[in-house]
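My numbering puts the last residue of the sequence shown at 572; the count rises by one with no breaks. Built from N, CA and C at the ideal position, the CB exists for glycine as well.
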Amino acid sequence: MRPLNYGRHLVEDDDIDLVVSVLRGDLITQGPMAEQFETALAKKVGAKYAVVVSSGTAALHVSCLAAGLKDGELGITSSMTFVASANAMRYCGAKVALTDIAKDTLSMCPTSLSKAIQRHPEASVVIPVHFAGLAAESEKIRKISGDRIIIEDGAHALGASYDNGRPVGCGDFADMTIFSFHPVKPITTGEGGAVVTNDQELARLLRLYRSHGIEREVERYENADDALEGGQRLPWYYEQHHLGFNYRMTDIQAALGLSQLKKLNRFISLRRDIAKRYDQALTGLDNLSIPQQSTSYRDRSGHHLYIVQFDLERLGKTRLEIINILRERNVGCQVHYIPVYHQPYYADHLEGDRTDFPVTEAYYRGCLSLPLFPAMTDKEVERVIDAVRSIVQ
Ligand SMILES: Cc1ncc(COP(=O)(O)O)c(C=O)c1O
């Protein structure tokens, strides 16, 4: 009986073959495979440009830089997310304000966003998070945000759709969307991430910040004369125009990503089938509720996480006791996430207190993510169902 984690990659022989072909070739840093992956990814989500980077966190960081977020400015994100969504703004020296979440989507609450913008009209960037693979109320968020730059954190949501039926990342409601290719995510490159956008200038800046801020387009050189000798272009010459980073994705990773991307539809449909089986088996049980369960959500979510919520008081158990009972049955699970404002670091960088986030607090108290990944067998799904039932029945 293999122990189940809440998430796990599925890497198959053809994925490995493509990676090996890169390893046997001449270029293993960023090269043609990364370009192919970018082209395929942009096409898949219906965006004009994709820029692949070394992680989802790097994708958030270069997006904030391309958005022009600066020291002393302010950006807004959701209270319920991995810390990276907020950290990216801090990397730029910006202040962070948080919104509460909506009870049914678990993503940024539009009303809470309106209030945050009233408090902070100077906010220049908004980062909604498509939590657990379900797109946030993106049209409302776009309207409320006005002409502020929206960077969607789609780390969970490659392959998901908005409620207009179009793919997350197509740019209908955001200036940029980031994805993560960490192994528990919809597809993997080991570590890796990407930003998609329809804006040519943003795409150019994203590429610059990905690689040290180094400019290689002759027409953009500030000291163009230094680039030439006797009319000939000096092959070694380049100019650094910004303070950028080394966030490049290698061709080894890109090969894995390109191969995995072809399987995205299959992976999502396997995830959706498992989510539906959980829904059938766990709906209506005492002391257990299932957020994000509405049929319209299930049909368009990327199903990164399957989250249940225990009524711990009525059950008379702590969450740790529940986790231990599940673990005895080789069922691993995880808490997504500790609210950002609980983190000691953010205590010094945020205004307000826990009472400002009643929905997040209520959700966090009893949430648990059950195992959900494409390679789960029927028996493993049954094992999870039996274990959960044994706790609440
Ligand atoms: C919502 C969210 N944003 C950003 C990230 C950061 O992605 P990465 O781990 O690829 O840096 C994660 C990763 O877990 C995430 O869950």
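Alpha carbon to alpha carbon, how far is V199 from L320? Give it in angstroms, no decimals. Indexing the sequence shown from 1 puts residue 320 at position 141. Indexing the sequence shown from 1 puts residue 199 at position 20. Here residue 320 turns out to be Ile, not Leu, going by the sequence shown. Cα to Cα, the separation comes out at about 43 Å.
Checking contacts by CB at 9 Å: is Q439 closer than that to chain D? Here there is only one protein chain, and chain D is not present.
If you drop the 5 nearest sequence neighbours on each side, which residues of the same chain put their C-beta closer than 6 Å to that of V305? Residue 305 sits at position 126 when you count from the first residue of the sequence shown. Excluding its 5 nearest sequence neighbours in each direction, V305 has C-beta neighbours in its own chain below 6 Å: I255, S324, R327 and I329, listed in chain order.
Presumed contact (8 Å Cβ cut-off) between V201 and D430, rounded CB distance: By 1-based counting over the sequence shown, the position of residue 201 is 22. By 1-based counting over the sequence shown, the position of residue 430 is 251. Right, their Cβ atoms sit about 5 Å apart.
Which partner residues of F489 appear in the DSSP bridge assignment? Translated into the one-based positions of the sequence shown, residue 489 becomes position 310. Paired residue(s): L467.
Member of R412, H391, R386 and G392 whose CA lies at the smallest distance from the CA of E398: Counting from 1 along the sequence shown, the entry for residue 398 is found at position 219. Comparing alpha carbon positions, the residue from R412, H391, R386 and G392 closest to E398 is R412.
Would you check if the distance between the CB atom of N377 and the CB atom of K227 is smaller than 9 Å? Within the sequence shown, numbered from 1, the residue matching residue 377 stands at position 198. Within the sequence shown, numbered from 1, the residue matching residue 227 stands at position 48. Pairing N377 with K227 gives a Cβ-Cβ distance under 9 Å.
From this set, Y388, Q419 and R386, which residue's C-alpha is nearest A401's C-alpha? By 1-based counting over the sequence shown, the position of residue 401 is 222. Correcting the residue type first, residue 401 is Glu in the shown sequence and not Ala. Comparing Cα positions, the closest option is Q419.
How far does the alpha helix (DSSP H) with L385 in it reach, from first residue to last? The count along the sequence shown starts at 1 and reaches residue 385 at position 206. Going by DSSP, L385 is part of the alpha helix (DSSP H) stretching over Q379 to R389.
Please name the residue, chosen from K455, Y270 and S264, that lies closest to L277 on a Cα-to-Cα basis. Against the sequence shown, residue 277 aligns to sequence position 98. For the residues K455, Y270 and S264, the minimum Cα distance to L277 belongs to S264.
Looking at the unbroken alpha helix (DSSP H) that takes in Y228, where does it start and where does it end? Walking along the sequence shown from the start, residue 228 turns up at place 49. Unbroken run through Y228 is the beta strand (DSSP E), Y228 to V232; no alpha helix (DSSP H).
Since L491 and R498 are thought to touch, with beta carbons under 8 Å apart, how far apart are those beta carbons, to the nearest angstrom? Your numbering for residue 491 matches position 312 in the sequence shown. Your numbering for residue 498 matches position 319 in the sequence shown. Yes, they are in contact, since the Cβ atoms of L491 and R498 sit about 6 Å apart, within 8 Å.
Where do the N-terminal and C-terminal ends of the beta strand (DSSP E) with V375 fall, by residue? For this step, residue 375 is matched to residue 196 along the sequence shown. That run of the beta strand (DSSP E) goes G372 to T376.
Could you tell me if the beta carbon of D283 falls within a distance shorter than 8 Å of some heavy atom in ligand 1? Here residue 283 refers to the residue found at position 104 when the sequence shown is read from its first residue. For D283, the shortest C-beta to heavy atom distance toward ligand 1 is 8 Å or greater.
Can you list, in chain order, the residues of its chain whose CB lies under 7 Å from that of K282, leaving out five sequence neighbours each side? To locate residue 282, count along the sequence shown from 1; it is residue 103. Counting only Cβ-Cβ distances below 7 Å, and skipping sequence neighbours, we find V538.
Distance CB(G371)-CB(Q432) smaller than 9 Å: For the purposes of this step, residue 371 is identified with residue 192 of the sequence shown, where counting begins at 1. For the purposes of this step, residue 432 is identified with residue 253 of the sequence shown, where counting begins at 1. Against a cut-off of 9 Å, the Cβ pair of Q432 and G371 comes out as a contact.
Going by DSSP in three states, K274 sits in which element: helix, strand or coil? As a position in the sequence shown, residue 274 is number 95, starting the count at 1. Shown here, K274 sits in a strand according to DSSP, grouped into three states.
So does L239 have its beta carbon nearer than 8 Å to some heavy atom of ligand 1? Taking the sequence shown and counting its residues from 1, one reaches residue 239 at position 60. Yes; taking the cut-off as 8 Å, the Cβ of L239 has a heavy atom of ligand 1 nearer than that.
Under a three-way DSSP split, which group does P289 fall into? Taking the first residue of the sequence shown as position 1, residue 289 is located at position 110. It is helical.
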